[in-house]
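Engineer: Would you mind keeping the following structure in view while I ask a few things?
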Amino acid sequence: MSKKFLTAVAGMVLAVGLTACGGNSSASGGGNSGSDKITVGFAQVGAESGWRTANTKSVQESAKEAGIDLKFSDAQQKQENQIKAIRSYIQQKVDVIAFSPVVETGWDAVLLEAKRANIPVILTDRAVDSQDTSLYKTFLGSDFIEEGKKAGEWLVKDSEGKSQVNVVELQGTTGAAPAIDRQKGFADVIKSAPQIKVIASQTGDFTRSGGKQVMEAFLKSNPKIDVVYAHNDDMGLGAIEAIEAAGKKPGVDIKIITVDAVHDGMQALADGKINYIVECNPLLGPQLMDLAKKVVKGEQVPQRVVTEETTFTQEQAKTELPNRKY
Amino acid sequence: MTSTRPLDRFRSSPLLWPLVALVVLLAANAVVRPSFLALRFQDGHLYGSLVDILKNGAPTLLIALGMCLVIATRGIDLSVGAVVAIAGAVACSSIVGAGDPTSAKAAFVGMGLALALCAVLGLWNGFLVAALRIQPIIATLVLMTAGRGIAMLITDGQIITVRNPTFRTVGAGFLLLPVSILIAVAVFVLVAIVTRKTALGLLIESVGINPEASRLAGLRSRTIRWTVYVFAAICAGIAGLMISSNVSAADANNAGLWIEMDAILAVVIGGTSLAGGRYSLAGTLLGALIIQTLTTTVYSMGIAPEITLVFKAVVVIAVCLLQAPKVRAVLLRRTPRRPARPVSDAEPAAAQHAQTPTASMVEKVAQS
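The listed protein sequences correspond, in order, to chains S and W. Note that the UniProt record's numbering numbers the first sequence so that position 298 is 298, with each residue one more than the last. Note that the UniProt record's numbering numbers the second sequence so that position 54 is 54, with each residue one more than the last.
This is how it looks when you write it as structure tokens:
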């Protein structure tokens, strides 16, 4: 009895599914040729941080402004969810698929499906590790190496004329692309200034408590620290607490450079506790919509588009702070 | 059966090897950097690496205490990390939403709310385990998975920063020593008195050894099991307040991440068997201190982040091996007096039971 019931249900689901598919494809096909409204399927990583939330908001808002029909899915940090979402976008025959890959590898199969269905793919924020670069049109995101370089350049300039500058580095999660690249960019630039020395480098996992614990240990094991370079604002904020607990003044006794420019970081910068922040911009929605339009029109787009990003000093932070959305 | 000579008793004590491990770790630090053991006064409180170990180890110690009692009843609580995140999220969002976010009243209301909610979560765990008889590992897995989501919902996925001096005291404040370790030690002493000076400890152990027999003997085994889960959740709640107070922010994603593994490891290193029954509070204290010392060692010795996990894994494996009866027997150059001892035999039960955690657990802990 129950078996029969199950079969019946399964049959019904299948039938509904089939009709739904058929209906969808004809509808969206008609819609596309009739009006110029572009449909973009966006598969987000999840909502793991304030940065990511701002990223999502930016994509959603700029789609509305650009008059683009956005289909949004949240993968909750799981690759299989993202693959499912992309497959469903392929079935729905969206015009462009955009996504921030959770991890770097394992995308070839699903991207090939998209390619065969003639749907262009745009990567946002994170890259994929694939031999075949024809699987996606372009990669829109920050250049983490460049961010590290900007941080290094400020320090080199700031250290002119000093005899010795001891730097401690708070790395991001070991093995994560931003951590590797921000370290590399920074190291490349400070080579030109022999007085700058990285005396300790340790991971703080991109978290405030991680940054605080590591900094507490650094302060005890290294008597003379001049500069903290943190791979994100949160670790820098943790370091500020540790420095204050040690009876020193962050931003004065020990200078702090961070990357990201989220609201709390900008607040600390405006308060004079951080000296310099390199922006890592989550608001890449407008650029993404421009690219989507170009791709649909068949215009050539570069393989790599770098997000528009800036840097902030303490004075700039004071003026920028009221406009900070995230 | 027990040797009367104090030295022999000490040598067969399950606390010996954890203690040795802790001393070796501290000594290694002192050799590499003699200032490691140095203490000085800074703004009216003690300042030094040892103080850091106590301060940062306090949350793990608290959670391990709760975990120890849960494990003694043959249970396990995987949800403590999620409870940590929820406690921080509730307290911080309540403080931020209060009329005066810097007042002491706002801090107490926020912390009270957080702990009350944690008690409810403990009741939920206890309900699943004691009343519905769901296996503890599955029952608490529910909240482990869902809890972080709840915390994210409360914080809206954002990191909530608070500026409240009273709230800050819990995790970052000092009364000569860090307030957090004072709280943890107070709870430790309380638990020690309540379970060791009354019959409660014995009852918990008997529930862990044989719940059914305990029930038939007239013990309210269901109530006891239920209570330890509530206690574990409250401990996790206090730890959550410490962790978020230490950085004056609630981070639903990362607060207390994998801390359940640290806590379980602390209990196991301390010589308490995952099979339930006999438990050691002093061992748990040592275990928690070893784990935090290990972390601090990595930072202050400048061990490269790429090999940190391997370093931690090696130390953890070494300590667990030292806890294994066979290895101990070899090291002490004698065979166990009675190798095949029945489980219910009381005396060296803790040492006999002590299991090495599975490889996957060691790995998880190393990651945290």
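We put the beta carbon where it would ideally sit given N, CA and C, even for glycine.
Counting only runs of 3+ residues fully inside the stretch 103–141 of chain S, write out the beta strand (DSSP E) ranges in chain order.
Structural biologist: Correct list: 121–124 and 138–141.
Engineer: Quick one: which chain W residues come within Cβ less than 7 Å of Q202 (chain S)?
Structural biologist: One-based indexing of the first sequence puts residue 202 (chain S) at position 202. Going along chain W in sequence order, the residues near Q202 (chain S) (Cβ under 7 Å) are Y299 and P305.
Engineer: Between S49 (chain W) and chain S, is any beta-carbon pair separated by less than 8 Å?
Structural biologist: Taking the first residue of the second sequence as position 1, residue 49 (chain W) is located at position 49. Yes, contact with chain S.
Engineer: Closest to N164 (chain W) by CA distance: which of W:N246, W:L216, W:A217 and W:F231 is it?
Structural biologist: If you number the second sequence from 1, residue 164 (chain W) lands on position 164. Selected option, being the one with the closest Cα: W:N246.
Engineer: Assuming V227 (chain S) and V167 (chain S) make a contact with CB atoms under 8 Å, what is their CB distance in whole Å?
Structural biologist: What you label residue 227 (chain S) is simply residue 227 of the first sequence in a count that begins at 1. What you label residue 167 (chain S) is simply residue 167 of the first sequence in a count that begins at 1. Indeed, because the Cβ distance is near 5 Å, the residues count as touching under 8 Å.
Engineer: For the structure I just gave you, are there three or more beta carbon pairs, one from the stretch 255–268 of chain S and one from the stretch 219–233 of chain S, closer than 8 Å?
Structural biologist: Touching, yes, given that three or more Cβ pairs across the two stretches are closer than 8 Å.
Engineer: Taking only beta carbons into account, state which residues of the stretch 99–117 of chain S come closer than 8 Å to chain W, listed in chain order.
Structural biologist: Listed by position along the chain: nothing, the set is empty.
Engineer: Apply the 10 Å Cβ neighbour rule to E260 (chain W) and answer buried if 16 or more other Cβ atoms are within range, or exposed otherwise.
Structural biologist: Position 260 of the second sequence holds residue 260 (chain W). Buried is the call here.
Engineer: Near I159 (chain W), which residues of its chain fall below 6 Å by C-beta distance, leaving aside the five closest residues on each side in sequence?
Structural biologist: Against the second sequence, residue 159 (chain W) aligns to sequence position 159. Once the five neighbours on either side are set aside, the close Cβ partners of I159 (chain W) are A249 and D251.
Engineer: Take K191 (chain S) as the anchor and find which of S:T207, S:K157, S:Q202 and S:L170 has the nearest alpha-carbon.
Structural biologist: The residue you call residue 191 (chain S) lines up with position 191 of the first sequence. Cα-wise, what sits closest to K191 (chain S) is S:K157.
Engineer: Note down, in chain order, every chain S residue with its Cβ under 8 Å from the Cβ of G237 (chain W).
Structural biologist: To locate residue 237 (chain W), count along the second sequence from 1; it is residue 237. Chain S residues near G237 (chain W): none, gap ~17 Å exceeds 8 Å.
Engineer: For residue 378 (chain W), which residues of its own chain have a beta-carbon under 6 Å away from its beta-carbon, when the five flanking residues on both sides are left out?
Structural biologist: Nothing can be reported for residue 378 (chain W), as the shown portion of chain W is limited to 1 through 368.
Engineer: With DSSP collapsed to three states, give me the class of D8 (chain W).
Structural biologist: Working through the second sequence from its first residue, we reach residue 8 (chain W) at position 8. In this structure, D8 (chain W) counts as helix in the three-state DSSP scheme.
Engineer: Give me, in chain order, the residues of the same chain whose beta-carbon lies closer than 8 Å to that of I119 (chain S); leave out the 5 immediate sequence neighbours on both sides.
Structural biologist: Counting from one through the first sequence, the residue named residue 119 (chain S) turns up at place 119. The residues are Y89, I90, K93, V94, D95, V96 and I97.
Engineer: By the 8 Å beta-carbon criterion, what residues does the stretch 152–169 of chain W contribute toward chain S?
Structural biologist: Within the stretch 152–169 of chain W, the qualifying residues are M152, D156, G157, Q158, I159 and T161.
Engineer: Tell me which residue opens and which closes the beta strand (DSSP E) that I254 (chain S) is part of.
Structural biologist: On the first sequence, residue 254 (chain S) is found 254 positions in, with the first residue counted as 1. Neither: I254 (chain S) is in no beta strand (DSSP E) and is coded neither H nor E.
Engineer: Does the Cβ-Cβ distance between P14 (chain W) and S214 (chain W) come in under 8 Å?
Structural biologist: Within the second sequence, residue 14 (chain W) is the residue found at index 14, counting from 1. Within the second sequence, residue 214 (chain W) is the residue found at index 214, counting from 1. Not closer than 8 Å, so no.
Engineer: Counting only the same chain and skipping the five closest in sequence on each side, list residues whose C-beta sits under 6 Å from that of G157 (chain W).
Structural biologist: Taking the second sequence and counting its residues from 1, one reaches residue 157 (chain W) at position 157. Same-chain partners within the cutoff: there are none.
Engineer: Do you know whose CA, among S:D205, S:S130 and S:V295, lies nearest V110 (chain S)'s CA?
Structural biologist: Within the first sequence, residue 110 (chain S) is the residue found at index 110, counting from 1. The shortest C-alpha separation from V110 (chain S) is found at S:S130.
Engineer: Can the beta-carbon of T140 (chain W) be found closer than 8 Å to that of L78 (chain W)?
Structural biologist: Translated into the one-based positions of the second sequence, residue 140 (chain W) becomes position 140. Translated into the one-based positions of the second sequence, residue 78 (chain W) becomes position 78. Yes.
Engineer: Measuring straight from C-alpha to C-alpha, what distance separates L219 (chain S) and I181 (chain W)?
Structural biologist: What you label residue 219 (chain S) is simply residue 219 of the first sequence in a count that begins at 1. What you label residue 181 (chain W) is simply residue 181 of the second sequence in a count that begins at 1. In a straight line, the C-alpha of L219 (chain S) is about 21 Å away from that of I181 (chain W).
Engineer: Which same chain residues, not among the five before or five after R324 (chain S), have their C-beta less than 7 Å away from its C-beta?
Structural biologist: Here residue 324 (chain S) refers to the residue found at position 324 when the first sequence is read from its first residue. Answer for R324 (chain S): H263 and M266, listed in chain order.
Engineer: Near I225 (chain S), what residues of its chain come up, given a Cβ to Cβ distance below 6 Å and the 5 sequence neighbours on each side ignored?
Structural biologist: Counting from one through the first sequence, the residue named residue 225 (chain S) turns up at place 225. Same-chain partners within the cutoff: N166, V168 and I254.
Engineer: Taking DSSP as the reference, what is the three-state secondary structure of H45 (chain W)?
Structural biologist: Position 45 of the second sequence, counted from the start, is the residue given in the question as residue 45 (chain W). H45 (chain W) falls in the strand class under three-state DSSP.
Engineer: Express the C-alpha separation of P6 (chain W) and V228 (chain W) in angstroms, rounding to a whole number.
Structural biologist: Taking the second sequence and counting its residues from 1, the one referred to as residue 228 (chain W) is at position 228. Taking the second sequence and counting its residues from 1, the one referred to as residue 6 (chain W) is at position 6. C-alpha separation (whole angstroms): 34 Å.
Engineer: Could one say the Cβ of D74 (chain S) lies closer than 8 Å to chain W's Cβ atoms, at least one of them?
Structural biologist: Indexing the first sequence from 1 puts residue 74 (chain S) at position 74. Answer no: the Cβ-Cβ gap between D74 (chain S) and chain W never drops below 8 Å.
Engineer: Straight-line CA distance for A104 (chain W) to D132 (chain S)?
Structural biologist: To locate residue 104 (chain W), count along the second sequence from 1; it is residue 104. To locate residue 132 (chain S), count along the first sequence from 1; it is residue 132. C-alpha separation (whole angstroms): 59 Å.
Engineer: Within its chain, find whatever has a CB closer than 6 Å to the CB of A54 (chain S); leave out the 5 residues flanking it on each side and keep chain order.
Structural biologist: As a position in the first sequence, residue 54 (chain S) is number 54, starting the count at 1. For A54 (chain S), where only same-chain residues beyond five positions count, the Cβ hits under 6 Å are P282 and Y326.
Engineer: Output the distance between the C-alpha atoms of T223 (chain W) and T207 (chain S), rounded to the nearest integer angstrom.
Structural biologist: As a working note, residue 223 (chain W) is residue 223 in the second sequence. As a working note, residue 207 (chain S) is residue 207 in the first sequence. If you take the alpha carbons of T223 (chain W) and T207 (chain S), they lie about 39 Å apart.
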